[in-house]
Each structure stands twice: as structure tokens, then as C-alpha cells.
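**Q** Here the protein sequences line up with chains A and B, keeping their order. The first sequence begins at -14 in my numbering and counts up one residue at a time. The second sequence begins at 11 in my numbering and counts up one residue at a time.
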Amino acid sequence: MLILQRSDILPSEITPQSVFLNRRQLMIAAAALLASEASAAFKAQPSHFSTKDAPNSLKQISTYNNYYEFGTDKSDPAENAGKLKTRPWSITVDGEVGKPRVFSIDELLKLAPLEERIYRLRCVEGWSMVIPWVGIPLASLLKQIAPTSRARYVAFETLHDPQQMPGQLTRSLQWPYREGLRIDEAMHPLTLLAVGLYGEVLPNQNGAPLRLVVPWKYGFKSIKAIVRIRLQENQPATSWNLAAPNEYGFYSNVNPDVDHPRWSQTKERRIGEILKRPTLPFNGYAEQVASLYKGMDLRKLF
Amino acid sequence: MKANENMLQMPIPSQYGWGAVQRMALNWSKQLLFLLCLLPLARMALLFNEAVNPIEFITRSTGTWTLVGLLLTLTITPLRQITGWNRLLQYRRMLGLLTFAYAVLHFTTYLWLDQFFDLTAILKDIVKRPFITLGFAAFILLIPLALTSNNAAMRQLKRNWGRLHRLIYLIAVLGVLHYVWLVKKDLTQPLIYAACLALLLAWRVWRRR
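#1: Kindly say whether V274 (chain A), judged by its beta-carbon, lies nearer than 8 Å to any beta-carbon of chain B.
#2: Using 10 angstroms around the beta-carbon of Q250 (chain A), count the other beta-carbons present and answer buried if the total reaches 16, otherwise exposed.
#3: If you run the structure through DSSP and keep just helix, strand and coil, what is A23 (chain A)?
#4: Specify the secondary structure class of R219 (chain B) as computed by DSSP and reduced to three states.
#5: Restricting to runs no shorter than 4 residues, where is the alpha helix (DSSP H) found entirely within the stretch 66 to 123 of chain B?
#6: When the cut-off is 8 Å and only beta carbons count, does N63 (chain B) lie next to chain A?
#7: Are the beta-carbon atoms of P161 (chain A) and T71 (chain A) separated by less than 8 Å?
#8: Counting pairs of Cβ atoms below 8 Å between the stretch 45 to 52 of chain B and the stretch 264 to 277 of chain A, do you hit three or more?
#9: Mapping DSSP to helix, strand and coil, what is M150 (chain A)?
#10: Could you tell me whether the stretch 203 to 211 of chain A touches the stretch 276 to 284 of chain A, where touching means 3 or more Cβ pairs closer than 8 Å?
#11: Compute the Euclidean distance between the alpha carbons of A208 (chain B) and T85 (chain B), then round it to the nearest angstrom.
#12: Pull up the distance between the alpha-carbon of A63 (chain A) and that of T48 (chain A), whole angstroms please.
#13: For M114 (chain A), which of helix, strand or coil comes out of DSSP?
#14: Just verifying my parser: in three-state terms, what is the DSSP assignment at N238 (chain A)?
#15: Could you give the residue range of the alpha helix (DSSP H) that holds I259 (chain A)?
#16: L175 (chain A) to R176 (chain B), Cα distance in whole Å?
#17: Using a Cβ-Cβ cutoff of less than 6 Å, which residues in the same chain neighbour A20 (chain A) once the five nearest sequence positions on both sides are dropped?
#18: If the cut-off is 8 Å on Cβ atoms, which residues from the stretch 133 to 154 of chain B count as contacting chain A, listed in chain order?
#19: Per the DSSP calculation, L182 (chain A) is bridged to which residue(s)?
#20: Going along the chain, which residues of the stretch 34 to 55 of chain A sit with their C-beta nearer than 8 Å to a C-beta in chain B?
#21: Could you check if V137 (chain B) is buried or exposed, using at least 16 other CB atoms within 10 Å of its CB as the buried criterion?
#22: Hey, quick one: how far does the alpha helix (DSSP H) through R215 (chain A) stretch, first residue to last?
#23: So what does Y49 (chain A) bridge to, in DSSP terms?
#24: Does T143 (chain B) come out as helix, strand or coil in the three-state DSSP assignment?
#25: Please work out which residues of its chain come closer than 7 Å, Cβ to Cβ, to G152 (chain A), disregarding the five sequence neighbours upstream and downstream, and give them in chain order.
#26: Taking DSSP's pairing of strands, which residues face W248 (chain A) in a bridge?
#27: Taking a contact to mean a Cβ-Cβ separation below 8 Å, would you say R215 (chain A) touches G83 (chain A) in this structure?
#28: Considering just the uninterrupted stretch of the beta strand (DSSP E) at E142 (chain A), what are its terminal residues?
#29: Please specify which runs of the beta strand (DSSP E), each continuous and at least 3 residues long, are wholly inside the stretch 39 to 115 of chain A, giving them in chain order.
#30: Using 8 Å as the limit for Cβ to Cβ distance, is S207 (chain A) near chain B?
#31: With a threshold of 16 other CB atoms inside 10 Å of the CB of A205 (chain B), please say whether the residue is buried or exposed.
#32: Please list, in chain order, the chain A residues whose beta carbon lies closer than 9 Å to that of F126 (chain B).
#33: With H, G and I counted as helix, E and B as strand and the rest as coil, what does DSSP make of L209 (chain B)?
#34: Can N41 (chain A) and I116 (chain A) be called in contact, C-beta distance under 8 Å?
#35: Determine which residues share a DSSP beta bridge with P132 (chain A) and list them.
#36: Just to confirm, are Y189 (chain B) and L115 (chain B) a CB contact at a threshold of 8 Å?
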């Protein structure tokens, strides 16, 4: 005999409300997955470093990029980065280290458990986003290669291959793109080597296969498509600083009190919002990183 | 300049026949030009929702078309001198006023959508940021030109009308510098505008010799 009973399971127990409310984003992510053969889902652990701010959509994050290797318009990278071959890919780590090494991207992925880090990103141009990165702390890589006591800085380099990166045929910047951090900044737990976005492999225009993410600094510090990491005693030259030293300093910490010479940095427009919001010191990560700069005049060392 | 004024007031010869046809052609072509000049605005409206950073998109787009409008307005005289087709002058006022309309949109976007009427921030911007200073100056200078772009003002101002409207050269230079100065690194685009403007100004200098 069939006995019908009223279901005492709430719909929200079957589909959590958060999933229900995010169904559009899930569908976008699913569509992106279908669209790209190369994409593979990552199993990433959540992190207590993640912000509670709502992330920007994959479309916003992957169609509005500054990546001069593929053109100087925001839409250029999404259009032109598809050609970049991100596998096989190796990263040379050398300089003032006990154990210099060449890592393949797959070896790198095994150095530490992958984490999802939802970070705010503040561009020096006055806009910002919230981005769910997937990656490993840079520190977990640096520990592998045993930095010597003379390793005071870390220098990074992007791939230099004008065949694949047509922007490098122009002189918009000095190629390859170069960035740098002080060793304590590089070892900081917030500093991430990102390989993914929204749980998937990074889109090429976002810096695949491997990019740096330093959330308390302006976006241009977070160098993309890294092929070389070199530890050294002297402060490395960095691309935007070489291009305009009075506009872009080595540190480039997000700082509402130090204006860019040509525009104010007190506010920012979060992509997707109309009204500007105030910019926070160190992009809201002051609690974690302000101590790194104790006693420094951040107006001079901008 | 003096010659131009006379052209604008040139009487149309006859009520019927060839004159009427010409007048009709002029009316139609003016309306067509007007609609053409609205196309950039239509494009902006269509793309607004798709843009990842819509306010930046509108600011850029209205700015670009203001510059294009300035250059087109400045192209009328050389083109007339080269082709000998004096009727071209009949389109200049419309081009100028539509350029002003795009400039108003550009300025309003900055004032409203970008700064949200934050007067302190705007004043700081005007004083401290050279590219804003230049853009603002260019916009202010455009206002008297727009206000006097009618037959009544031309009659009243007489020779001074031409003198006043020579400001357009300064405005165009300020506008192009405004663009050059705001670009972060890649100067290709602003330099294209600068080259066009240089050419248009050089033509005038060369003609005056």
C-alpha cells in the first residue's frame, strides 16, 4: 500500500539558499567550463584570508584587464591572449638560494594544498574588483629553495615571446615585464601564487598559467605569466617604475593619502557599482601588513 | 574668417527652379548629417549595459567624439578651400553645436556619474590635475562659442564674432593635450588626434602666408 506523507524536508535543505541565489553565477561558470577544453576544476580549500565582499563575475574579471603584452585596451587581453601556450611551462627559481631549481607548473601545484583566496584588487587607475583566486602561498615555494641570508629581494619576470605576446612588439613598456618584492613581503602569508580563478584554471588574460597576487598593493605589482623568480641582494628594477618613476614607486602599496601625480587615490569605483567607495590603507589589509612598513615614510617610499 | 561670414549670409538666388532644388538638398543633407552625428550616441546607449566599467566607457566615448567633432568642424574650412565648394560652410554650425553637445555629455558624466557632484573633489581635481584643468578650461571656452552660434549673435557681434570664434583653435589644442596627458603609457591614440590637429592648423598658417 502506498502511503503518501507530507515531505518534511525544506527546499532549502536540498538546495542551500546560497547556491540557489548564485545559480546564475554557477551557470556562467558551467558554461565557461564547457567552452574551454583546457579547463579543469581545482579542489581548493577555503581560507580565512578571504574577504566577505561579493566577488565580481567571471565575465567582469576576465574581460576587463590590464595586460599590455596583449594590447593596451582593457578588452585586448581577452581578445588576444587565447594564443598563449601555457603548457608545458617552467619557472626558473634561482639567485641567492641554496637550492636553485626549475619547476614545472605541475610540480608547483603539488608544493602546498591549493587554497581559494577571495581578495580585493585595487588598480592604480582607480577601480577595484573582488576576485576568487586559487593558488598557493608564495612562501611555500620560497621555502623549497632555501633563500640565503643575502636574499633581501625577490624579482619576477614575465615570459618574453613577442610571437605569442604581440604587445611586446611595441614599446608600450620595456619587455619582459618585471616586478619585485622585498623578501618579507614575498614571505607574507597573504602573498599568493595564483593558478586559478573561480575554481578553474586561470584564463590566459588573467595571467595563466601562474601569476602573483599581492592584494595590498596596486594591481600592476601582481605580475602575470611568470617564468622566472630570482632572489637577490639589491632592489630589482620594476617595469612601471622604469616607465614613469615619479608615478609608480617600487612599493606601490595601496594608499589613499598618496595621490598619483595625475589623479586622486582617495576613492575607487568597485566594478559593478555606480558610486565610488573610499579606498582603504593597504587596500583594507592594514591589520595584516602595516607592520611590515613600520618607521618608513610611505609618502617618499610610495 | 571674414569671408566665411559672408558665405553664411549668402542669399539663395531664386524661389523656384534650381534654387529650390538646392535648398531642398541642403535641408535633407543637413538632417542626414544630424542623424549621422547621433550615431555615436546611439552606440553608447546600446553598449552601456554591456560595458564592464560603464562610467569609464561613457566618459571615454563622449570625450573621443567631442575631439572628433572638433577636428571635423575644423576640417570644413580647408575642405572648402581645396574643393571650392562653398556650401560646405552651411554644415559647420551644426557640427560645432553637436560637438558642444558631446562636450556637455562628457562634462556631465564627469560631474554626475564620476564625481557625483562632490564639489571639493572636483575643485581639487581642477587645481591639482593638469589634464582636468585643461579639459575644464576647454569646456568653459566652448560655452561662449555655442551661445553665439546663431544668426542674431553674428549680426550683433559683427567682426568680433570672427575674433571670438578663433578661440576654437585654442580649445582644440587644449582638448588634445587633455587627452595626451591623461593616458597612462600608450600615446598612439592621442598622438593621432594631435597629428590631425597639427595638419589642420598648419594648413591655415600656410594659407595666410
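Here a beta-carbon is modelled for each residue, glycine too, at the ideal position from N, C-alpha and C.
**A** Result, derived from the coordinates:
#1: By one-based count along the first sequence, residue 274 (chain A) stands at place 289. Proximity of V274 (chain A) to chain B, defined by a Cβ-Cβ separation below 8 Å, is not satisfied.
#2: Residue numbering aside, residue 250 (chain A) sits at position 265 when the first sequence is read from its first letter. Looking at its Cβ environment, which holds 16 or more other Cβ atoms inside 10 Å, Q250 (chain A) is buried.
#3: As a working note, residue 23 (chain A) is residue 38 in the first sequence. With a pLDDT of 46 at A23 (chain A), under the threshold of 50, the modelled position of that residue is not reliable, and the figure given next carries that caveat. Coil.
#4: Against the second sequence, residue 219 (chain B) aligns to sequence position 209. It is coil, neither helix nor strand.
#5: 102 to 118
#6: Taking the second sequence and counting its residues from 1, one reaches residue 63 (chain B) at position 53. Closer than 8 Å: yes.
#7: Numbered from its first residue, the first sequence carries residue 161 (chain A) at position 176. Numbered from its first residue, the first sequence carries residue 71 (chain A) at position 86. Taking 8 Å as the Cβ cut-off, P161 (chain A) and T71 (chain A) do not qualify as a contacting pair.
#8: no
#9: To locate residue 150 (chain A), count along the first sequence from 1; it is residue 165. DSSP places M150 (chain A) in coil when its eight states are reduced to three.
#10: no
#11: Within the second sequence, the letter at position 198 stands for residue 208 (chain B). Within the second sequence, the letter at position 75 stands for residue 85 (chain B). One C-alpha to the other measures close to 12 Å.
#12: Sequence index remark: in the first sequence, residue 63 (chain A) carries index 78 (1-based). Sequence index remark: in the first sequence, residue 48 (chain A) carries index 63 (1-based). Each residue's alpha carbon lies about 5 Å from the other.
#13: Taking the first sequence and counting its residues from 1, one reaches residue 114 (chain A) at position 129. DSSP places M114 (chain A) in strand when its eight states are reduced to three.
#14: Within the first sequence, residue 238 (chain A) is the residue found at index 253, counting from 1. Strand at N238 (chain A).
#15: Reading the first sequence from its first residue, position 274 is the one you call residue 259 (chain A). Element bounds for I259 (chain A): n/a, residue is neither H nor E.
#16: Along the first sequence, one-based indexing puts residue 175 (chain A) at 190. Along the second sequence, one-based indexing puts residue 176 (chain B) at 166. Those two C-alpha atoms are separated by around 58 Å.
#17: On the first sequence, residue 20 (chain A) is found 35 positions in, with the first residue counted as 1. Legend: pLDDT at A20 (chain A) = 47, less than 50; position of this residue unreliable, value from coordinates given subsequently. Correct list: empty, nothing qualifies.
#18: K134, D135, K138, R139, P140, F141
#19: Against the first sequence, residue 182 (chain A) aligns to sequence position 197. Beta-bridge pairing links L182 (chain A) to A:W118, A:E185.
#20: K44, Q45, T48, Y49, Y53
#21: Within the second sequence, numbered from 1, the residue matching residue 137 (chain B) stands at position 127. Flag for V137 (chain B) reads exposed.
#22: To locate residue 215 (chain A), count along the first sequence from 1; it is residue 230. If you look at R215 (chain A), you'll find it isn't in any alpha helix (DSSP H); it sits in the beta strand (DSSP E) that goes 211 to 217.
#23: For this step, residue 49 (chain A) is matched to residue 64 along the first sequence. Answer is none; Y49 (chain A) lacks a bridge partner.
#24: In the second sequence, residue 143 (chain B) corresponds to position 133, counting from 1. Per DSSP, reduced to three states, the secondary structure at T143 (chain B) is helical.
#25: Counting from 1 along the first sequence, the entry for residue 152 (chain A) is found at position 167. The residues are Y53, E54, F55, G56.
#26: Locating residue 248 (chain A) in the first sequence gives position 263, where the first residue counts as 1. BP columns for W248 (chain A) point to A:H245.
#27: Looking up residue 215 (chain A) in the first sequence gives position 230. Looking up residue 83 (chain A) in the first sequence gives position 98. Contact flag unset, no.
#28: Taking the first residue of the first sequence as 1, we reach residue 142 (chain A) at position 157. Unbroken beta strand (DSSP E) run through E142 (chain A): 138 to 143.
#29: 75 to 80, 86 to 89, 100 to 107
#30: In the first sequence, the residue the question calls residue 207 (chain A) occupies position 222. Not an interface residue.
#31: For the purposes of this step, residue 205 (chain B) is identified with residue 195 of the second sequence, where counting begins at 1. That one is exposed.
#32: Numbered from 1 along the second sequence, position 116 holds the residue referred to as residue 126 (chain B). Chain A residues near F126 (chain B): I259, L260, K261.
#33: Numbered from 1 along the second sequence, position 199 holds the residue referred to as residue 209 (chain B). Note: L209 (chain B) maps to helix in three-state DSSP.
#34: What you label residue 41 (chain A) is simply residue 56 of the first sequence in a count that begins at 1. What you label residue 116 (chain A) is simply residue 131 of the first sequence in a count that begins at 1. For N41 (chain A) and I116 (chain A), yes; Cβs fall inside 8 Å.
#35: Within the first sequence, the letter at position 147 stands for residue 132 (chain A). For P132 (chain A), which the question treats as bridged, DSSP gives the partners A:V82.
#36: For the purposes of this step, residue 189 (chain B) is taken as residue 179 along the second sequence, with counting starting at 1. For the purposes of this step, residue 115 (chain B) is taken as residue 105 along the second sequence, with counting starting at 1. Not closer than 8 Å, so no.
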